[in-house]
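Engineer: I have a structure I would like to understand better, so I am pasting it below and will then ask my questions one at a time.
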Amino acid sequence: MPGSVDTAVQHARTIAKQHQPDRTDDAAQVVHAMVSDSLTRTEQGSTIRLITTVAPNCIRFEVRDPNTPKPGTPTPSDAWRLVSALADRYGSRGTRDAHMSWAELYVRQVAPVEFDINASTLGSWVNRHRIVSTQAEQRLVSGPERARIRELERENADLREKLAFLKKGAPRTLAA
-10 MPGSVDTAVQ HARTIAKQHQ PDRTDDAAQV VHAMVSDSLT RTEQGSTIRL ITTVAPNCIR
50 FEVRDPNTPK PGTPTPSDAW RLVSALADRY GSRGTRDAHM SWAELYVRQV APVEFDINAS
110 TLGSWVNRHR IVSTQAEQRL VSGPERARIR ELERENADLR EKLAFLKKGA PRTLAA
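Written as structure tokens, this is what we have:
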């Protein structure tokens, strides 16, 4: 792969932001871990490729490199612990002359699947409800009425404070 780990991470962020905005950070961390792991296992100057596949509910990242591990390279690495924590599915396979690691990030569902509602849609609905509710509330109460409501709320708070004070003093008065 021409470029660096940063180039691969930026690519992952761009793809995730377009297709699964709530998984952008996960995608960046997974790709960073897989490409970094590949770099530690292969000889300097080896070609490493990042292949991205986008499906309606999934983004799949594949990192391919020649199967020429450096002598003494430990496996599995810390990278795979991170990938296993963030990816919904992951794995790797090798042949005599190549190695491929992959990870899949699925759309996170926040409502039953039969409704096909994702976090972005639900968030949009909640924000719309807040806007509509605020607008309706502002239309129902005029400026002078709003001022009177605030005045009554302050008076109510003052009365609650006085009542609490009286309740504290009442048992002492009765006991004397």
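In our numbering, the protein residues as written are -10 to 165. Even glycine gets a Cβ: it sits at the ideal position worked out from N, Cα and C. Quick caveat: nothing in here was measured; it's all calculated off a predicted structure.
(1) Should Arg12 be labelled buried (16 or more other beta-carbon atoms within 10 Å of its own) or exposed?
(2) May I have a chain-ordered list of the beta strand (DSSP E) segments no shorter than 3 residues that lie completely inside the segment 8 to 69?
(3) Who are the near neighbours of Ala(-3) in its chain, counting only those whose CB is closer than 7 Å to its CB and skipping five residues on each side?
(4) Starting from the C-beta of Lys157, find all residues in its chain whose C-beta is less than 8 Å away, skip the five residues before and the five after it, and write them out in chain order.
(5) Go through its chain and collect everything with a Cβ distance to Pro63's Cβ below 6 Å, but skip five positions before and after it.
(6) Beta carbon of Leu75, beta carbon of Gln18: below 8 Å?
(7) Whose C-beta lies closer than 7 Å to the C-beta of Val115 among residues of the same chain, with five residues either side of it excluded?
(8) Helix, strand or coil for Ser109? Go by DSSP, reduced to three states.
(9) What are the partner residues of His0, as DSSP defines its beta bridges?
(10) Is it the case that the Cβ atoms of Ile48 and Ile120 are separated by a distance below 8 Å?
(11) Do you know how far the Cα of Ala153 is from the Cα of Ala108?
(12) Going by Cα to Cα distance, which pick from Ala44, Thr84, Asp54 is closest to His8?
(13) Taking Cβ to Cβ, would you say Ile37 is nearer than 8 Å to Thr31?
(14) Let me know the secondary structure DSSP gives Ser73 once reduced to three states.
(15) Run through DSSP, which three-state label would Ala87 get?
(16) With 16 as the cutoff for other CB atoms within 10 Å, does Asp77 come out buried or exposed?
Structural biologist: Reading it off the structure:
(1) buried
(2) Taking only runs of at least 3 residues, the beta strand (DSSP E) segments lying wholly in the segment 8 to 69 are 38 to 44, 47 to 54.
(3) Around Ala(-3): Met(-10), Val20, Val24, Leu39.
(4) Excluding sequence neighbours, Lys157 sits near nothing in its chain.
(5) Note on Pro63: pLDDT 46, under 50, position unreliable in the model; the coordinate value appears next. Apart from sequence neighbours up to five positions away, no residue of its chain approaches Pro63 with a beta-carbon distance below 6 Å.
(6) yes
(7) When the five nearest sequence neighbours on each side are left out, no beta carbon in the same chain lies closer than 7 Å to the beta carbon of Val115.
(8) helix
(9) Beta-bridge pairing links His0 to no other residue.
(10) no
(11) 44 Å
(12) Ala44
(13) yes
(14) helix
(15) coil
(16) It counts as exposed.
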